[in-house]
Each structure stands twice: as C-alpha cells, then as structure tokens.
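Undergrad: Have a look at the structure that comes next, please.
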Amino acid sequence: MAAELTVHQLIAEHRPTLDQALEAIRTRAYWSPHPEHPKAYGEQGSLDMAAGKAAFDALLGTRLDLGQPGTDDFVGGEVSPYGIELGVEYPHADVDVLLPAMKAGQKAWRDAGAEIRAVVCLEILKRISDRTHEFAHAVMHTSGQAFMMAFQAGGPHAQDRGLEAVAYAYVEQVRTPDTAEWTKPQGKREPLALTKQFTPVPRGIGLVIGCNTFPTWNGYPGLFASLATGNAVLVKPHPRAVLPLALTVQVARDVLSETGFDPNLVALTAERPGEGIAKTLATRPEIRIIDYTGSTAFGDWLEANARQAQVYTEKAGVNSVLVESAGDYKGMLANLAFSLSLYSGQMCTTPQNLLIPRVGIRTDEGPKTFDEVVADLARSVDGLLGDDARANALLGAIVNPDVKDRLEAAAGLGEVALASREIANPEFPGAVVRTPVVVKLDGAKPDDEAAYMSECFGPVSFAVAVDSASEAVELLRRTIREKGAMTVGAYTTDEEVEQAVQEVCLEEAAQLSLNLVGGVYVNQTAAFSDFHGSGGNPAANAALCDGAFVANRFRVVEVRREA
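Residue numbers (numbering that gives the first Met the number 0): 0 to 562.
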C-alpha cells in the first residue's frame with residue numbers, strides 16, 4: 000500500500016473496532032475482538048498452530064536486527080524455563096545515538112492527530128494478533144507459562160489490554176476540541192473575538208521496563224498508551240523475556256514505516272548480562288514517561304529517583320482471601336484450588352493469605368473447623384493436580400530459581416498442610432514444575448506475622464488462623480494499607496461481614512471479588528470491564544486501564560489568534 004493511502008485505509012478498516020472499544024469501556028460489558036481459542040486463528044490467512052510453532056522455531060539461534068540507529072552490539076542469552084536455549088540475539092543500543100533518533104519522528108506523529116495514531120496502533124495490534132500462535136510460543140518459552148495460558152494471556156488478553164489503552168487514550172485526547180471560536184461581548188463596543196487551537200502534545204519518550212512473567216500482558220498497556228498519545232516508546236525487556244517484546248517492536252516499526260511515519264518512534268534496547276541499564280535509562284532527561292512492572296524495591300526507587308518522568312508502577316502486594324462462611328463449600332474449594340495453582344502462583348493477583356477464623360466457618364455442608372477447611376482445600380488442590388498432564392497444563396514451569404528457593408523455604412515457616420511435589424514434564428525434561436504449598440500460620444504470633452505480612456511470590460499460600468471475622472477484616476485492612484493488594488477475595492453468607500469487607504476495600508482502594516465459585520477466578524481480570532490494580536494502595540500507583548493511566552502522558556497546548 001502506498002503510504003499516502005495507508006492511513007485512509009486504516010481508518011476505514013479499524014475505526015469500527017475503535018468505536019466498539021469505546022462503547023465497551025463505557026458500558027463495561029464483555030467484549031473482545033481477539034478470539035481466545037487457538038483454532039480460531041487458522042482462517043483468513045492467519046497463522047495456524049503448526050505454522051506458529053514453525054515460525055517460533057525458525058527464530059531460534061537467529062539475530063533479530065531491527066535496523067535501529069545506534070546499535071553497537073548484539074546480545075542474548077535467554078534460556079526457556081522449559082530448558083531450551085533460545086539463542087536469539089537482539090540489538091544493544093548506544094542510547095546517545097538512539098534517543099535523539101527517536102525524538103526526530105515525534106513532530107509528524109504529534110501532528111497526525113489522535114484518530115490516525117489510534118488506527119495505526121490498531122494495525123500494529125492486528126498484525127500481532129495474526130501471529131498469535133508464534134507469540135504464544137515466545138511467551139511460553141520466556142515466562143514459563145503453559146502453552147494455553149501463554150496463548151490466551153500472552154495473546155488475545157494482552158492485545159485486549161493494548162486496545163483498551165488506545166481507547167482510553169483516544170477519549171482523553173478528543174475531550175478537548177481541536178479548535179474553538181471565542182467571542183466575549185463588550186457592551187456597546189465590538190466584541191473580543193479569538194480563534195483558539197488546541198493540540199495534544201507528547202511528554203517525550205516513554206520507557207517500558209518489561210517483566211519476566213507477563214511480558215506482553217503487562218507491557219502492552221504502557222506501550223500503546225504512550226504511543227497513542229504521541230510519544231515515542233523505548234522498550235527495555237526483562238533479560239529473561241526479550242523475545243515477545245522484540246517481536247512486538249519489530250511489528251510496530253514495520254507498521255510505522257509503511258504508514259509514512261518514522262519507525263524509530265518505537266525501539267528496543269536489550270542489555271548485556273548483569274548490565275542493569277534500567278536505572279541509567281530511567282533517569283535520562285529524554286525519558287519523560289516510565290511504565291514498570293516488577294519488584295517493590297525497584298518500583299519505589301523509580302518513584303523516588305526518576306523525577307523528570309511520569310512514573311507508572313505495578314509493584315507487589317500481599318493478596319488476601321477472607322473465608323468467613325460459604326454457601327457453596329465445594330464450589331469455593333474448587334475455585335480457590337484453581338486460583339492457587341494457575342501458573343504456579345506466579346501472578347501478581349494470586350491469593351497468598353487465606354484468613355480463616357480459628358473457630359471454623361459455617362457452610363452448606365454444616366460447620367467446618369479451621370483444620371477441616373485447610374485439609375479440604377489441600378485435597379481439592381491435590382484432586383485438581385492429581386493427573387500430571389493436567390497439572391503441567393495448569394502449572395507451567397517455575398520461572399526462575401528465586402521462586403523455587405522461596406517455595407522450598409516456605410515449608411519451614413509453619414505446619415505444612417499441603418506439601419509441594421515435583422512433577423515431570425515429558426515434553427520438556429528440563430522444566431522445573433512444582434505444585435503449591437499451603438502452610439498453616441497463627442495470626443496472633445509475631446513470628447508468623449513476619450511471614451504472612453511479606454510477599455512470597457510463587458506457589459506459596461498461608462492459611463492464617465484469626466480470632467474472629469472482625470479480626471480478619473481488620474487484618475485485611477492492615478495488610479492492604481501497609482503492603483498493598485492487587486486483589487482481595489471474600490467468602491461469606493453474612494451480610495454484615497460482606498459490608499465490612501466491602502467498606503475496607505473501598506477505603507483502602509483494593510479490587511474485591513465476592514463468593515466466586517464458578518469459572519471466574521480472583522486472579523483474572525477482563526479488559527474493557529475489570530480494573531487491574533487501583534492505583535490507590537501500595538501495590539501499584541496506576542490502574543490498567545483508566546483515564547488516569549493515559550491522561551498525563553500528554554498535555555494540551557493552546558494557540559490563540561485574533562479572529
């Protein structure tokens with residue numbers, strides 16, 4: 000397609016999708032343009048399962064030269080959690096050359112306007128969607144997610160979050176009109192008359208600091224929010240999860256070039272082993288926006304030190320589920336067992352602390368003691384993961400040695416109610432696969448408090464005995480306030496307890512799920528409807544996605560003229 004025609008064609012093709020996204024974020028109803036089932040991608044020229052795997056295999060051992068200015072080396076070293084050496088090399092950047100080149104294209108991108116930027120972003124997402132099978136293998140072999148989860152969370156769900164960010168960005172930019180005729184009466188004199196022009200202008204270069212566990216799902220919101228609001232975007236992937244974001248940058252650069260824009264508006268910078276370039280990049284004066292997902296320590300450092308930039312962080316929290324009573328005991332246990340097991344608990348939304356009254360709970364099967372509830376949950380997890388093939392499909396692989404170390408250390412923190420076991424993966428003998436551990440702790444003991452009030456990322460949960468429901472509610476409040484929480488769950492048939500939990504979550508700004516017993520889990524959120532994080536407690540200073548996530552990535556500049 001000729002460059003001068005491409006933009007018009009893209010508006011015709013993608014404006015209906017943008018309009019549907021705008022309606023979805025308004026109504027919060029279910030909607031997604033990206034199918035979740037792998038077989039849906041075998042049509043219309045999209046890559047099917049075999050072709051996607053072949054495309055991924057063809058990447059192994061290659062050099063991904065993106066044609067970026069300032070490339071002074073090629074670096075690599077990714078090893079799949081499933082035991083495969085990827086052997087892909089990526090450009091290492093001389094940022095003194097790359098950053099000025101990225102800024103050069105911002106004027107034309109700014110002047111293109113919100114609609115054109117939005118449809119160009121949607122074309123990038125469409126081309127990524129067409130390669131979902133290929134991206135799924137890239138996510139699987141950098142994050143350790145099982146294939147189906149990598150396909151869904153790393154593919155359509157990540158693409159949904161990127162599209163959601165574009166929709167919010169568009170809304171905020173068109174809130175102010177492009178032009179206005181301003182007339183002020185002056186009594187008998189001629190009125191004052193001005194023509195006013197309003198232009199959303201980008202802050203500068205956005206830096207996306209990728210994470211190991213969800214490189215696309217967590218990376219796309221910030222990338223597309225910054226790009227759609229006129230900013231260039233530099234992507235700094237996690238050293239263990241470069242490939243999915245490198246492919247994303249490659250697609251973005253191709254689309255920008257084909258639509259007549261500077262491909263250097265999106266660029267990648269990989270790092271040498273142990274180089275730690277994130278701190279250096281984060282404090283560069285050219286970097287004006289930072290999106291980060293990862294540890295609390297580095298997130299806090301960014302918030303304190305990257306003073307020249309608008310910083311959006313998703314850090315860590317201690318997620319709790321309060322269990323006071325159950326109207327569907329078996330449904331509750333099944334739901335919790337799945338939540339604890341999915342991707343080996345390596346999600347920022349996985350429940351860690353199960354707050355249970357030590358006197359037990361009321362259920363539709365009669366009263367259950369604390370010990371019975373914990374034992375029944377352990378049996379539910381065992382039943383879910385009893386078949387090794389199913390267990391591998393749910394658990395995936397342990398993403399790095401730190402998670403394995405925490406899992407093994409957790410068994411020494413208290414009485415083990417459910418021991419972790421090793422599972423072999425016949426397809427990938429090098430994979431480290433472990434089932435969750437559940438440890439009993441006493442909410443009244445200071446030594447136990449030190450354990451359950453600290454985040455233990457991975458397949459580790461604590462069954463915390465508390466004196467009463469009201470004690471559980473207050474412990475929930477303190478945990479959110481002091482440590483933060485990405486998610487909160489509660490099971491209760493008592494209206495007063497439900498209201499108390501809800502009030503805590505409203506006051507402490509934590510997202511709450513009540514009495515989930517079906518196929519929706521506390522650690523899952525749906526784009527266009529659910530908010531991921533709130534930005535109102537220590538776990539994250541932003542939500543994915545809302546108006547606040549995009550509105551400060553640009554400013555509106557006014558030019559006034561005499562009419």
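All C-beta atoms, glycine included, are put in the ideal place defined by N, C-alpha and C. It should be emphasised that the depicted structure is a prediction, and the values quoted were computed from it without experimental measurement.
Is Gln19 helix, strand or coil when you go by DSSP?
TA: As a first step, residue 19 is located in the sequence shown; it is residue number 20 there, counting from the start. Three-state DSSP puts Gln19 in a helix.
Undergrad: Could you tell me the distance, in whole angstroms, from the CA atom of Pro400 to the CA atom of Arg554?
TA: Counting from 1 along the sequence shown, the entry for residue 400 is found at position 401. Counting from 1 along the sequence shown, the entry for residue 554 is found at position 555. As the crow flies, the alpha-carbon of Pro400 is around 43 Å from that of Arg554.
Undergrad: Pick out the complete alpha helix (DSSP H) segments inside the stretch 93-171, 4 residues or longer, and give them in chain order.
TA: 94-103, 105-111, 113-129, 131-142, 146-153
Undergrad: Is it the case that the stretch 114-123 contacts the stretch 250-257, given that we only count it when at least three CB pairs across the two stretches are under 8 Å?
TA: yes
Undergrad: Give the list of continuous beta strand (DSSP E) stretches no shorter than 3 residues that lie fully inside the stretch 218-298.
TA: 231-235, 265-267, 286-292
Undergrad: Count the other C-beta atoms from every protein chain shown that fall within 10 angstroms of the C-beta of Gln144, then say buried if there are 16 or more, exposed otherwise.
TA: As a first step, residue 144 is located in the sequence shown; it is residue number 145 there, counting from the start. Buried is the call here.
Undergrad: State the DSSP-derived secondary structure class of Thr491, mapped to helix, strand or coil.
TA: On the sequence shown, residue 491 is found 492 positions in, with the first residue counted as 1. Of the three classes helix, strand and coil, the one that applies to Thr491 here is coil, per DSSP.
Undergrad: Please report how far the alpha carbon of Asn211 lies from the alpha carbon of Ala449, in whole angstroms.
TA: What you label residue 211 is simply residue 212 of the sequence shown in a count that begins at 1. What you label residue 449 is simply residue 450 of the sequence shown in a count that begins at 1. Cα to Cα, the separation comes out at about 27 Å.
Undergrad: For Thr348 versus Leu242, is the C-beta spacing smaller than 8 Å?
TA: Taking the sequence shown and counting its residues from 1, one reaches residue 348 at position 349. Taking the sequence shown and counting its residues from 1, one reaches residue 242 at position 243. Cβ distance not < 8 Å, so Thr348 and Leu242 don't count as in contact.
Undergrad: Please classify His13 as buried or exposed, where buried requires at least 16 neighbouring CB atoms within 10 angstroms.
TA: Working through the sequence shown from its first residue, we reach residue 13 at position 14. By the neighbour-count rule (16 or more Cβ atoms within 10 Å), His13 is buried.
Undergrad: For Ala542, which three-state DSSP category applies?
TA: What you label residue 542 is simply residue 543 of the sequence shown in a count that begins at 1. Reduced to three states, the DSSP call for Ala542 is coil.
Undergrad: Give a yes or no on whether the C-beta atoms belonging to Leu21 and Gln67 are separated by under 8 Å.
TA: Position 22 of the sequence shown holds residue 21. Position 68 of the sequence shown holds residue 67. Taking 8 Å as the Cβ cut-off, Leu21 and Gln67 do not qualify as a contacting pair.
Undergrad: Does DSSP put Asn318 in a helix, in a strand, or in coil?
TA: One-based indexing of the sequence shown puts residue 318 at position 319. DSSP places Asn318 in coil when its eight states are reduced to three.
Undergrad: For a test of the three-state rule: what should DSSP assign to Gln307, helix, strand or coil?
TA: On the sequence shown, position 308 is the one that residue 307 refers to. Reduced to three states, the DSSP call for Gln307 is coil.
Undergrad: Glu274 to Ala462, Cα distance in whole Å?
TA: Your numbering for residue 274 matches position 275 in the sequence shown. Your numbering for residue 462 matches position 463 in the sequence shown. Spanning the two alpha carbons is a distance of roughly 40 Å.
Undergrad: With a 10 Å radius around its C-beta and 16 neighbouring C-beta atoms as the bar for buried, classify His7 as buried or exposed.
TA: Position 8 of the sequence shown, counted from the first residue, corresponds to residue 7. Exposed, because fewer than 16 other Cβ atoms sit within 10 Å of the Cβ of His7.
Undergrad: For Leu233 and chain B, any beta-carbon pair shorter than 8 Å?
TA: Going by chain labels, chain B is absent from the structure shown, which holds only one protein chain.
Undergrad: So is His36 buried or exposed if we call it buried at 16+ other beta carbons inside 10 Å?
TA: Position 37 of the sequence shown, counted from the start, is the residue given in the question as residue 36. Under this definition His36 is an exposed residue.
Undergrad: By Cβ distance below 6 Å, which residues in the same chain neighbour Leu511 in space, the five residues on each side in sequence not counted?
TA: Your numbering for residue 511 matches position 512 in the sequence shown. Excluding sequence neighbours, Leu511 sits near Val487, Cys504.
Undergrad: Whose C-beta lies closer than 6 Å to the C-beta of Val234 among residues of the same chain, with five residues either side of it excluded?
TA: Taking the sequence shown and counting its residues from 1, one reaches residue 234 at position 235. The beta carbon of Val234 sits closer than 6 Å to the beta carbons of Val207, Leu244, Val248, Leu267 from its chain, once the five residues preceding and following it are set aside; these are given in chain order.
Undergrad: Out of Thr279, Ala28, Thr16, which has the shortest C-alpha to C-alpha gap to Asp93?
TA: Within the sequence shown, the letter at position 94 stands for residue 93. Out of Thr279, Ala28, Thr16, Thr279 has the C-alpha closest to the C-alpha of Asp93.
Undergrad: Check the DSSP bridge columns for Thr194 and list the partner residues they point to.
TA: By one-based count along the sequence shown, residue 194 stands at place 195. Thr194 is bridged by DSSP to Glu180, Arg560.
Undergrad: Considering only C-alpha positions, which residue in the set Val322, Ala164, Thr312, Pro99 is nearest to Val490?
TA: Along the sequence shown, read from residue 1 onward, the residue named residue 490 stands at position 491. According to the sequence provided, residue 490 is Tyr. The question's Val does not apply to it. Checked all of Val322, Ala164, Thr312, Pro99; the closest Cα to Tyr490 is Val322.
Undergrad: Apply the 10 Å Cβ neighbour rule to Thr258 and answer buried if 16 or more other Cβ atoms are within range, or exposed otherwise.
TA: Translated into positions along the sequence shown, residue 258 becomes position 259. Counting Cβ neighbours within 10 Å, Thr258 comes out buried, since at least 16 surround it.
Undergrad: Let me check understanding here. Comparing Cα to Cα, which of Leu58, Pro201, Pro184 lies closest to His136?
TA: Counting from one through the sequence shown, the residue named residue 136 turns up at place 137. For His136, the nearest C-alpha among the options comes from Leu58.
Undergrad: Within a Cβ cutoff of 6 Å, which residues of the same chain sit near Trp181, ignoring the five residues on either side of it in sequence?
TA: For the purposes of this step, residue 181 is identified with residue 182 of the sequence shown, where counting begins at 1. Take Trp181, set aside five residues on each side of it, and the residues of its chain with a beta-carbon closer than 6 Å to its own are Leu193, Lys195, in chain order.
Undergrad: Between the Cα of Val173 and the Cα atoms of Leu162, Thr228, Phe427, Asn217, which residue gives the shortest distance?
TA: On the sequence shown, residue 173 is found 174 positions in, with the first residue counted as 1. Out of Leu162, Thr228, Phe427, Asn217, Thr228 has the C-alpha closest to the C-alpha of Val173.
Undergrad: Can you give me the C-alpha to C-alpha distance between Val415 and Ala443, rounded to a whole angstrom?
TA: The residue labelled residue 415 in the question sits at position 416 within the sequence shown. The residue labelled residue 443 in the question sits at position 444 within the sequence shown. Going by the C-alpha atoms only, they are around 18 Å apart.
Undergrad: With three or more C-beta pairs closer than 8 Å as the rule, is the stretch 429-447 touching the stretch 292-310?
TA: no
Undergrad: Can you list, in chain order, the residues of its chain with a C-beta nearer than 7 Å to that of Phe337? Leave out the 5 residues immediately preceding and following it.
TA: Translated into positions along the sequence shown, residue 337 becomes position 338. Around Phe337: Leu383, Tyr520.
Undergrad: Starting from the C-beta of Pro220, find all residues in its chain whose C-beta is less than 8 Å away, skip the five residues before and the five after it, and write them out in chain order.
TA: Position 221 of the sequence shown, counted from the first residue, corresponds to residue 220. Cβ neighbours of Pro220 beyond the five flanking positions: Arg160, Gly161, Glu163, Ala164, Asp290, Leu543, Cys544, Phe548.
Undergrad: Which first and last residues belong to the alpha helix (DSSP H) in which Val402 is found?
TA: Sequence index remark: in the sequence shown, residue 402 carries index 403 (1-based). From DSSP, the alpha helix (DSSP H) with Val402 extends over 400-409.
Undergrad: For Phe427, which three-state DSSP category applies?
TA: If you number the sequence shown from 1, residue 427 lands on position 428. Note: Phe427 maps to coil in three-state DSSP.
Undergrad: Sorted by chain position, which residues of the same chain lie with C-beta nearer than 8 Å to Pro176's C-beta, five sequence neighbours on each side aside?
TA: Residue numbering aside, residue 176 sits at position 177 when the sequence shown is read from its first letter. For Pro176, where only same-chain residues beyond five positions count, the Cβ hits under 8 Å are Phe197.
Undergrad: Is it the case that the Cβ atoms of Gly316 and Met485 are separated by a distance below 8 Å?
TA: Translated into positions along the sequence shown, residue 316 becomes position 317. Translated into positions along the sequence shown, residue 485 becomes position 486. Taking C-beta atoms as the reference points, Gly316 and Met485 count as a pair closer than 8 Å.
Undergrad: In whole angstroms, give me the CA-to-CA distance for Lys439 and Ala296.
TA: Stepping through the sequence shown from its first residue, residue 439 is reached at position 440. Stepping through the sequence shown from its first residue, residue 296 is reached at position 297. Cα-Cα distance, rounded: 28 Å.
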